[in-house]
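>
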Amino acid sequence: MSRHHRGLLAVAITAVALDAGTKLAALRWLREPVDLAVVRLRVAYNTGVAFSFGADQPRALVLGLTGTAVLVLAVAAWRGHLGGPIPAGLIVGGGLANLIDRATGGSVVDLVDPGWFAVFNLADVFITTGVLLLFLTMAIDDSTRSDAAEEEATDDFARQR
């Protein structure tokens, strides 16, 4: 197994475990909402996907579509098309964590309520962080490639003189 694959699996498994732990803790100890300085912790159930989109659709449809999306992302990550193992593992692990939640309980447990945005969970944080890291690494890679191409063109021009 390659280093990329080991890293991807380690990050994804860690993301699933941490998300499951926070959801179990919330279900066990968060009977009443807790107001913190910037967010409110409360248990909410989302039968849809992001922002409750599709909540009115049949459970099997939502589960099938999200399962397919996670599978496609996992294959892309395994093949190295989602950046390095950290962003890929965060995206796949977060997606898998919410899929497991949905498959076993019929909904995703959300618990962080900022009051001005949708209620979310740790898996959502992992997905968002993974996507941001992926975009960042893509931007850095593009910049590095552009610099290398410019340097090569300058070298070619200098050789021609």
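Mapping of the sequence shown onto UniProt numbering: residues 1 to 161, in sequence order.
Every residue, glycine too, gets a C-beta built ideally from N, C-alpha and C.
Predicted, not measured: the structure shown is a model, and the values here were computed from it.
I think glycine 48 touches alanine 37, with their Cβ atoms under 8 Å apart; what is that distance to the nearest whole Å?
At roughly 29 Å, the Cβ-Cβ gap does not stay under 8 Å, so glycine 48 and alanine 37 are not in contact.
> Contact between the segment 85-94 and the segment 10-23: three or more CB pairs below 8 Å?
As far as the Cβ criterion goes, the segment 85-94 touches the segment 10-23, which means the pair count is three or higher.
> Can you check the segment 50-118 for any alpha helix (DSSP H) of at least 4 residues that lies completely inside it and give the ranges in chain order?
If we require 4 residues or more, the alpha helix (DSSP H) runs fully inside the segment 50-118 come out as 59-78, 85-105.
> For the alpha helix (DSSP H) containing valine 43, list its first residue and its last residue.
From DSSP, valine 43 is part of no alpha helix (DSSP H) but of the beta strand (DSSP E) over 40-46.
> Bridge partners for phenylalanine 126 per DSSP, in chain order?
Paired residues: none, contrary to the question.
> Using a Cβ-Cβ cut-off of 6 Å (strictly less than) and excluding sequence neighbours within five positions of tyrosine 45, which residues of its own chain qualify?
Ser107, listed in sequence order.
> May I have the straight-line CA-CA distance separating valine 16 from proline 114, to the nearest angstrom?
One C-alpha to the other measures close to 23 Å.
> For the alpha helix (DSSP H) that leucine 27 lies in, which residues bound it at each end?
Here the alpha helix (DSSP H) through leucine 27 covers 3-29.
> What are the residues that DSSP puts in a beta bridge with aspartate 141?
Bridge partners of aspartate 141: none, in fact.
> Can you say whether aspartate 141 is buried or exposed, counting buried as having 16 or more other CB atoms within 10 angstroms of its CB?
Looking at its Cβ environment, which holds fewer than 16 other Cβ atoms inside 10 Å, aspartate 141 is exposed.
> Would you please state the rounded distance, in angstroms, between the beta carbons of leucine 111 and threonine 22? I believe it to be under 8 Å.
Indeed they touch by this definition, with Cβ atoms about 7 Å apart.
> From residue 164 to proline 87, what distance separates their C-alpha atoms?
Coverage of the chain is limited to positions 1 through 161, which leaves residue 164 absent and any answer about it impossible.
> Relative to the C-alpha of aspartate 101, which residue among Thr66, Ala74, Leu134 is closest?
Ranking Thr66, Ala74, Leu134 by Cα distance to aspartate 101 puts Thr66 first.
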